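> One structure, as structure tokens, below. Some questions next.
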Amino acid sequence: MPEMMRVVEITEPGGPEVLRPAERKLPAPRYGEILIKVAYAGVNRPDALQRAGSYNPPPGASDLPGLEAAGEVAAVGPGVSEWKKGDLVCALLPGGGYAEYVTTPAAHALPVPEGMSLDKAACLPETHFTVWTNVFMRGGLKAGERFLVHGGSSGIGTTAIQLARLSGARVFATAGSAEKCQACLDLGAERAINYRDEDFVEVIRAEGGANVILDMVGGGYIPRNVKALADEGRLVQIAFLSGPKVELNFAQVMMRRLTITGSTLRPQSDFAKAAIAEGLREHIWPHLASGQIGPVMDSEFALEKAAEAHARMESSSHIGKIVLKV
Ligand SMILES: NC(=O)c1ccc[n+]([C@@H]2O[C@H](COP(=O)([O-])OP(=O)(O)OC[C@H]3O[C@@H](n4cnc5c(N)ncnc54)[C@H](OP(=O)(O)O)[C@@H]3O)[C@@H](O)[C@H]2O)c1
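Under our numbering, the sequence shown has 57 at position 65, and the numbering climbs by one with no breaks.
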């Protein structure tokens, strides 16, 4: 095992240019952890927030960006029996994915689905953990219900459309261009709403309202989401790209028995993340192996070009996931 590894670090809070290649010492797996030799690392919006200084890593996590990776188990820490050296895994990480090697709790890794390449497998953990816990565990989406996801062509959105469709829900998605809307339809949405031309509230209310909405936009969308919900509907907030503060008439929440909730994945306990991994392994992984569903890949950049990958993500011109080849 080498002593040093190539990484990309955040030199100071700022734009994509603050991401710079560097060298660090290899991390060692602690009790219950595995060391992964990273082949590909996924790029996610929260990485850009961390880079900008507004999403600090939780205590004990690496300061390097990177919340997911796929590769080979290079070593196992004490107390790990479920993985061995050489296993191919994709894993949710507490941080540190923009590197040649990374450690993570063994229970946060899942097998690379049979037949799937490592670049695609690196796209799975962050969005699947997020969608599973928010749409199904928290939002309680059931077969036959109407599901609306905003940002339908995003990494999260493309996963949410597929998992909701798989569950037997009716899927509606919003996106910002005709091309992005087409991508949502191709993935199984029955209706894609270009929010620049159409009012999603009118479209979804004409169908009886949404039973579950997954929202990353916030801001002015919050009162509009409340209007778009059916009675007993659930609004699940996972980000606030347009800001977290609005004026809202809460009488609607009471009169129509609505639930407004949300969560962020990263600060949750190792135990909670392990429970999400279990749910995914049982309910979703078989469908990834059969090819019934799969990640949508936008583009690939070399690890050293992480700044370019972030610039692409922040241009919002991408559809699906961006990965770094390590
Ligand atoms: N809570 C959690 O645990 C958790 C976990 C992972 C990610 N997230 C959040 O989920 C969101 C999606 O993540 P991702 O990695 O899938 O990101 P992404 O692929 O970059 O997607 C973001 C998309 O949101 C749409 N959008 C709508 N309003 C926007 C605005 N005001 N500013 C920028 N984009 C806007 C854009 O598409 P249009 O062209 O259609 O507008 C954009 O493609 C991010 O906000 C991320 O922070 C939350």
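Just so it is clear, CB atoms sit at the ideal spot from N, CA and C, and this is done for glycine as well. Here the structure is a predicted model, which is why all the values come from computation and not from measurement.
(1) Taking 8 Å as the cut-off, decide whether the C-beta atoms of E92 and R12 are in contact.
(2) Have a look at the DSSP bridge pairing and note the partners of F242.
(3) For C82, name the three-state secondary structure that DSSP assigns.
(4) Excluding sequence positions up to five away, which residues of its chain have a Cβ less than 7 Å from the Cβ of E199?
(5) Can a CB atom of chain D be found closer than 8 Å to the CB of R197?
(6) Between the Cα of S109 and those of V94, V81, S309, spot the shortest distance and give me the residue it belongs to.
(7) Ligand 1 and R37: does the residue's C-beta get closer than 7 Å to at least one heavy atom of that ligand?
(8) Closest to E194 by C-alpha separation, out of V0, G58, V209, K219, would be which residue?
(9) Where does L177 fall in DSSP's three states?
(10) Assuming A40 and M305 are in contact, meaning their beta carbons sit under 8 Å apart, how far apart are those beta carbons, in whole angstroms?
(11) Taking just the CA atoms, how far does E190 sit from V245?
(12) Express the C-alpha separation of V104 and L295 in angstroms, rounding to a whole number.
(13) Is it buried or exposed for A99, if we count other Cβ within 10 angstroms and need 16 for buried?
(14) Mapping DSSP to helix, strand and coil, what is V209?
(15) Give a yes or no on whether the C-beta atoms belonging to H132 and R226 are separated by under 8 Å.
(16) Three-state secondary structure (DSSP) at F232?
(17) So, with DSSP's three-state summary, where would you put V10?
(18) Between D79, R258, S146, G63, which has its C-alpha nearest D111's C-alpha?
(19) Identify, in the order they occur along the chain, each residue of the same chain with its Cβ nearer than 8 Å to the Cβ of I230, setting aside the five sequence neighbours on each side.
This is what the structure holds:
(1) no
(2) Answer by DSSP bridge pairing: none, since F242 is not bridged.
(3) strand
(4) R138
(5) In the displayed structure, chain D is absent; only one protein chain is listed.
(6) V81
(7) yes
(8) K219
(9) helix
(10) 6 Å
(11) 25 Å
(12) 21 Å
(13) buried
(14) coil
(15) For the record, residue 132 in the displayed sequence is Gly; it is not His. Yes. Within cutoff.
(16) coil
(17) helix
(18) G63
(19) T122, N126, I148, L206, D207, M208, G254, S255, T256
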